[in-house]
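Inspection log for the structure reproduced underneath, given as structure tokens.
There are 2 protein chains.
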Amino acid sequence: MGLTKADIFSKEQNRLAMLLKALAHPARIAILQRIMISNTCICGDLVGELGLAQATISQHLLELKSAGLIKGSIEGTSVCYCIDPDTWKVLESIIQDFLANYKGETVCCQ
Amino acid sequence: MGLTKADIFSKEQNRLAMLLKALAHPARIAILQRIMISNTCICGDLVGELGLAQATISQHLLELKSAGLIKGSIEGTSVCYCIDPDTWKVLESIIQDFLANYKGETVCCQ
DNA sequence: ATTATATATTGCAATATTACGATTGATTAT
DNA sequence: ATAATCAATCGTAATATTGCAATATATAAT
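Rendered as structure tokens:
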């Protein structure tokens with residue numbers, strides 16, 4: 000069907016999956032790294048740096064924005080993007096919580 | 000096209016995106032949580048616990064296995080799954096590295 | 001050998017994602 | 001006003017994902 004049955008999972012499971020999905024593309028990883036490494040907003044530098052068409056990058060930016068991971072502000076003729084600190088904190092927190100469930104190697108399955 | 004241009008990104012970016020993609024579904028989150036919370040391998044308990052058909056769960060398990068996140072061993076007529084500790088360590092490490100790029104709130108984009 | 005049980009695979013339909021060219025909209029410079 | 005620049009949106013094609021019924025496979029029990 001191609002349609003996730005979101006209703007049978009918890010709010011937290013859906014939220015984590017949604018955020019991870021937004022991250023789960025090399026172009027979006029690259030965009031976020033570029034923003035974070037600059038430690039500032041970046042304005043339009045992305046096209047040309049990544050080897051993707053302008054429309055494609057705009058689409059990836061929209062996905063990151065829809066997930067709440069970044070926010071953009073119009074700066075003259077270009078648009079500046081930066082990490083949305085609120086969502087980013089949530090992301091860090093729920094990823095930590097998820098990974099913390101792992102208690103280390105087990106002695107089964109040998 | 001629907002085909003990611005993996006060749007224009009770094010090995011690390013592709014690897015992180017691949018692992019996050021394997022995680023980025025509420026059913027697979029739920030499966031991993033179930034395995035981790037048991038702190039042992041789990042054998043066939045998944046069908047019935049999640050509200051998905053057996054074929055669907057089998058498919059999600061295959062995706063987790065293909066990404067290297069879990070491994071399975073045949074135990075009589077059922078199959079036991081557990082976290083693959085090697086890949087899991089890599090996952091924790093590269094997620095930490097990725098998140099560590101964030102230097103905190105900036106003063107731009109106001 | 002036959003049956004029961006558990007998981008994997010196949011085939012299919014519905015929907016989502018990725019990518020890009022072309023176009024549009026908005027702002028700045030001339 | 002006009003042109004230039006930048007980013008968003010639209011339309012489209014190719015491919016991927018999600019989900020399940022049906023079937024196949026493999027082991028255990030009778």
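Here the protein sequences line up with chains A and B, keeping their order.
Okay, so the first sequence: first residue is 0 according to numbering that gives the first Met the number 0, each after it adds one.
Okay, so the second sequence: first residue is 0 according to numbering that gives the first Met the number 0, each after it adds one.
Positions of the beta carbon are idealized from the N, C-alpha and C atoms, including for glycine.
All values reported here derive from a predicted model rather than from experimental measurement.
For residue i, tell me which candidate among the options has the shortest Cα-Cα distance.
i             : options                         : result
T76 (chain B) : B:D44, B:R27, B:M35 and B:V89   : B:D44
I82 (chain A) : A:N38, A:Q95 and A:N100         : A:N38
S80 (chain A) : A:E104, A:I94, A:K102 and A:L63 : As written in the sequence, residue 80 (chain A) is Tyr, which differs from the Ser given in the question. Taking only the C-alpha atoms, the option nearest Y80 (chain A) is A:L63.
L31 (chain A) : B:L98, B:V106 and B:C107        : B:L98
S72 (chain A) : A:S92, A:S9 and A:I41           : A:I41
K88 (chain B) : A:F8, A:K102 and A:Q58          : A:K102
Between which residues of its own chain and residue i is the CB-CB distance below 6 Å, once the five residues before and five after are set aside?
i             : result
L90 (chain A) : L18
V46 (chain A) : Q53 and I56
T86 (chain B) : G67 and L68
Excluding sequence positions up to five away, which residues of its chain have a Cβ less than 7 Å from the Cβ of residue i?
i             : result
L51 (chain B) : A26
R2 (chain A)  : Residue 2 (chain A) is actually Leu in this sequence, not Arg. Contacts found: none.
M35 (chain A) : I82
Beta-carbon within less than 8 Å of residue i's beta-carbon, same chain only, minus the 5 sequence neighbours each way: which residues are those?
i              : result
A29 (chain B)  : L49
L15 (chain B)  : I93, I94 and F97
L60 (chain A)  : I30, L45, I69, G71 and Y80
V78 (chain B)  : C42, G43, G71 and S72
N110 (chain B) : One cannot answer for residue 110 (chain B) here, as it falls past the ends of chain B, which runs 0 to 109.
Whole runs of the alpha helix (DSSP H) within the segment 14 to 70 of chain A, excluding any shorter than 4 residues:
25 to 37, 45 to 48 and 53 to 65
Between the segment 21 to 29 of chain B and the segment 49 to 69 of chain B, do three or more beta carbon pairs fall short of 8 Å?
yes
Report task. Mind checking the segment 27 to 39 of chain B against chain A and listing, in chain order, the residues whose C-beta falls within less than 7 Å of any C-beta there? Result -> I28, A29, Q32, M35, I36, N38 and T39
Name the residues in the segment 83 to 94 of chain A whose C-beta lies less than 7 Å from a C-beta of chain B; which are they?
P84, W87, E91 and I94
_Under 8 Å, CB to CB, which of the residues in the segment 48 to 66 of chain A have a partner in chain B?_
L49, G50 and L51
Could you please tell me which residues of the segment 66 to 82 of chain A, in chain order, have their CB closer than 9 Å to any CB of chain B?
K70, G71, S72, E74, C79, Y80, C81 and I82
Closer than 8 Å, Cβ to Cβ, to anything on chain B: give me those residues from the segment 94 to 105 of chain A, in chain order. I94, F97, L98, N100, Y101, K102, G103, E104 and T105
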